[in-house]
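Chemist:
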């Protein structure tokens with residue numbers, strides 16, 4: 009469907025709420041007055057949806073990872089908010105979006121669908137947090153944007169993201185993630201802007217302006233900023249997706265520090281907020297998960313900070329589920345013994361408007377019928393949810409043009425901008441070749457005058473590569489088969505982690521940040537054989553003192569393809585990155601740090617903000 013005004017093909021505009029000439033508040037009031045309890049309840053749930061091949065609707069339940077088809081959730085449960093899981097070609101996403109909009113328009117009131125997504129412009133491919141940038145322009149992770157530290161670049165990125173989302177029908181970003189990376193072991197760090205509250209606050213304001221504009225409007229992508237009031241200080245770095253990670257701790261008394269970026273997001277006008285799963289331990293706040301926590305949602309967010317936008321819970325607070333073959337209990341931390349209806353009621357009493365990852369509107373209907381929940385309480389949340397649909401223009405322009413995606417998504421200009429940002433974000437940690445036999449600490453700032461810079465590399469030199477596509481490297485130097493033949497080795501490695509079992513849990517890289525002896529020995533042996541340039545993907549703050557000492561040069565990336573990395577190493581693009589967190593010297597140091605305190609290492613190998621230039 010290419011006609012962007014095609015709502016009239018499905019419905020004659022006979023009701024005031026369908027009259028685009030009327031003020032939005034009047035349209036909201038009219039529609040709200042026409043809705044049944046069942047229709048209001050359907051609006052208050054947002055869950056995952058899966059696209060079929062080439063943008064089709066999946067109708068065979070045997071092929072679904074969930075209990076209900078999208079058709080059933082729209083037509084039988086009255087739902088009209090969905091989070092697209094997984095990737096697909098942009099034109100297929102647009103086609104699928106139009107198909108589900110058609111289903112929505114055929115319902116009694118024709119309330120259009122709001123389609124949302126986790127980030128899909130980066131490198132992470134985790135079904136619980138982000139989708140790989142298939143078909144979309146690809147930038148470094150937000151850690152890489154923080155490493156560059158350029159507010160205008162972040163605004164430009166978010167504006168590009170906005171335009172590409174609009175082209176396929178995505179109108180709600182389940183991001184930015186502005187938790188602070190003060191606990192080095194936490195598995196969600198690569199989706200943050202690092203450990204510094206001031207830097208994160210500046211960048212999130214630019215991000216929201218790029219996505220939403222100065223005010224939310226028909227060309228905006230709404231931002232669901234997360235995870236209020238800051239999800240970084242997890243006990244032992246474990247993530248509260250899982251029962252062993254449910255506790256959020258503040259041994260440094262730094263609760264307010266983690267709140268600072270959210271103040272900036274509110275000032276920038278974020279349309280929505282998502283509280284995290286964690287439960288605060290030994291604070292003035294009740295020890296229940298933030299989505300159930302009235303003191304946090306109503307007391308802090310709504311009353312103290314004045315937020316009257318949409319609050320949507322993180323996914324799966326109410327119901328147990330099976331995700332990728334793994335049994336996942338409801339993340340009802342602190343209220344695990346409560347029944348499902350009691351959990352639903354408690355979330356609403358806390359001040360939330362919508363349930364993420366759930367498709368049980370009948371629970372709300374039953375609570376109203378039992379006299380435990382007033383329809384007036386529903387109306388407060390439904391009014392917010394409807395208003396955003398009207399402000400975004402979904403009632404008046406529900407469809408997109410799939411044939412236009414080729415000229416709007418993943419364009420040459422967008423791809424080039426992403427590649428350049430990848431190169432710029434590369435962080436040069438060390439760039440002096442230590443003389444043979446020197447015991448000098450590679451991280452020391454007073455490098456010997458006799459040590460010569462290794463980077464930028466000279467074009468055409470003989471290179472031995474590991475973890476780098478040899479065909480790509482051949483465009484920069486002469487690729488040789490052994491280290492002994494090379495002038496320099498270029499090796500790409502990743503931050504260590506402890507593999508977890510479970511189809512879903514395995515995507516969360518947590519635990520130890522240091523290399524095992526078996527992993528470290530071949531790296532150091534290579535460094536002893538040939539001058540070696542090490543590139544490490546920092547999805548978390550790796551423990552690398554030996555690598556820093558033995559490498560000829562050391563750089564970090566936060567999501568970078570081979571070509572933009574080599575552009576930085578060979579000086580074709582100037583690397584500008586500075587560490588968005590410090591790199592600890594040992595796991596003992598990591599364990600000694602206070603989870604809520606930034607820059608709490610005693611003797612980091614490289615400090616926060618470190619980065620060399622050439």
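Residue numbers (this note's numbering): 9 to 622.
Glycine residues also receive a C-beta, built at the ideal position from the N, C-alpha and C atoms.
1. Taking Cβ positions, are residue 349 and residue 85 nearer each other than 7 Å?
2. Just reading off the beta strand (DSSP E) that residue 437 is part of, what are its end residues?
3. Hey, would you say residue 301 sits closer than 7 Å to residue 338, going by beta carbons?
4. On the DSSP letters alone, give me the boundaries of the alpha helix (DSSP H) that residue 396 sits inside.
5. Take residue 94 and list the residues in its own chain whose beta-carbon comes closer than 8 Å to its own, dropping the five residues that flank it on each side.
6. Please state whether DSSP places residue 100 in a helix, a strand or coil.
7. With DSSP as the reference, label residue 71 as helix, strand or coil.
8. Could you name the residues of the same chain whose beta carbon sits closer than 8 Å to that of residue 53, not counting the 5 residues immediately before and after it, in chain order?
9. Please classify residue 252: is it buried, with 16 or more other beta-carbons within 10 angstroms of its beta-carbon, or exposed?
10. Looking at residue 402: is its Cβ nearer than 7 Å to the Cβ of residue 439?
11. At what residues does the alpha helix (DSSP H) containing residue 87 begin and finish?
12. Assuming residue 437 contacts residue 550 under a Cβ cut-off of 8 Å, what Cβ separation, rounded to an integer in Å, is found between them?
13. Among 596, 592, 619, which residue has its Cα nearest to the Cα of residue 606?
14. Which residue from 114, 494, 238 puts its Cα closest to that of residue 308?
15. Tell me the rounded alpha-carbon separation between residue 113 and residue 44.
16. Quick check: residue 104 and residue 63, are their CB atoms within less than 7 Å of each other?
17. Under 7 Å between the Cβ atoms of residue 155 and residue 433?
18. Would you kindly check if the distance between the Cβ of residue 269 and the Cβ of residue 190 is under 7 Å?
19. Whose C-beta lies closer than 6 Å to the C-beta of residue 608 among residues of the same chain, with five residues either side of it excluded?
20. If you draw a straight line from the alpha carbon of residue 586 to that of residue 421, how long is it in whole angstroms?
21. Whose CA, out of 330, 342, 274, lies closest to the CA of residue 310?
22. In angstroms with no decimal places, state the Cα-to-Cα distance between residue 578 and residue 482.
23. Could you round the C-beta distance between residue 250 and residue 513 to whole angstroms and report it? I think they count as a contact, below 8 Å.
24. Which residue's Cα is closest to the Cα of residue 264: 548, 99, 130, 291?
25. Check whether the Cβ of residue 540 sits closer than 6 Å to any heavy atom of the ligand NAP, and report yes or no.
26. So residue 219 packs on residue 169, CB below 8 Å; how close in whole Å?
27. Got a sec? Which residues, its chain only, sit under 6 Å from residue 96 by beta carbon, not counting five neighbours each side?
28. With distance defined between alpha-carbon atoms, name the residue in 345, 505, 574 nearest to residue 430.
29. Closer than 6 Å by C-beta to residue 262: which residues in its own chain qualify, once you throw out the five before and the five after it? Chain order, please.
30. Could you check what DSSP says for residue 610 in three-state terms: helix, strand or coil?
31. What's the C-alpha gap between residue 233 and residue 492?
32. Taking only the alpha-carbon atoms, compute the straight-line gap between residue 543 and residue 244 and give it to the nearest angstrom.
33. Is the beta carbon of residue 505 closer than 7 Å to that of residue 109?
34. Between residue 598 and the rest of its own chain, which residues show a CB-CB distance below 6 Å, the 5 nearest in sequence each way excluded?
35. Which of the three DSSP states, helix, strand or coil, is assigned to residue 601?
36. Give me the Cβ distance between residue 297 and residue 287, rounded to the nearest whole Å; I'm assuming they're in contact under 8 Å.
Modeler: With the structure as the only source:
1. Result no, Cβ atoms of residue 349 and residue 85 do not sit closer than 7 Å.
2. DSSP places residue 437 in the uninterrupted beta strand (DSSP E) bounded by 435-438.
3. No. Outside cutoff.
4. It spans 383-399 - the alpha helix (DSSP H) in which residue 396 sits, taken as one unbroken run.
5. For residue 94, where only same-chain residues beyond five positions count, the Cβ hits under 8 Å are 58, 59, 135, 139.
6. Reduced to three states, the DSSP call for residue 100 is helix.
7. Correct three-state label for residue 71: helix.
8. Beyond the five residues adjoining it in sequence on each side, residue 53 comes within less than 8 Å, by CB distance, of 85, 87, 89, 362, 363, 366, 367, 368, 369 in the same chain, given in chain order.
9. By the Cβ neighbour-count rule, residue 252 is exposed, with fewer than 16 other Cβ atoms within 10 Å of its own.
10. Taking 7 Å as the Cβ cut-off, residue 402 and residue 439 do not qualify as a contacting pair.
11. Counting along the chain, residue 87 sits inside no alpha helix (DSSP H), nor does DSSP assign it H or E at all.
12. That pair is no contact at about 11 Å.
13. Residue 592 is the option with its Cα nearest to residue 606.
14. Looking at 114, 494, 238, the one whose alpha-carbon comes closest to that of residue 308 is 238.
15. Answer to the nearest angstrom: the Cα atoms are 17 Å apart.
16. Yes.
17. Yes, the pair counts as a contact, with Cβ atoms nearer than the cut-off.
18. No.
19. Annotation for residue 608: 601, 602 place their beta carbon closer than 6 Å to its own, counting only its chain and skipping 5 residues before and after.
20. The alpha-carbon atoms of residue 586 and residue 421 are separated by roughly 26 Å.
21. Of the candidates 330, 342, 274, the one whose C-alpha sits nearest the C-alpha of residue 310 is 274.
22. Within the model, the alpha-carbon separation for residue 578 versus residue 482 is close to 12 Å.
23. Between residue 513 and residue 250 the Cβ distance is about 6 Å, and since that is below 8 Å, they are a contact.
24. Ranked by Cα distance from residue 264, the first of 548, 99, 130, 291 is 291.
25. With respect to the ligand NAP, the structure shown offers nothing to examine, as it has no ligands at all.
26. Yes, they are in contact, since the Cβ atoms of residue 219 and residue 169 sit about 6 Å apart, within 8 Å.
27. Excluding the 5 residues flanking it on each side, residue 96 has same chain C-beta neighbours closer than 6 Å at 59, in chain order.
28. When each option's Cα is compared against that of residue 430, the closest is 574.
29. Result list for residue 262: 604, 605, in chain order.
30. The answer is coil: DSSP assigns residue 610 none of H, G, I, E or B.
31. Rounded to whole angstroms, residue 233 and residue 492 show a C-alpha spacing of 51 Å.
32. Roughly 27 Å separates the two Cα atoms.
33. No, the Cβ-Cβ distance between residue 109 and residue 505 is not below 7 Å.
34. Within the same chain, residue 598 has close Cβ partners 192, 592.
35. In this structure, residue 601 counts as coil in the three-state DSSP scheme.
36. Their Cβ separation, rounded to whole angstroms, is 5 Å, which keeps residue 297 and residue 287 in contact under 8 Å.
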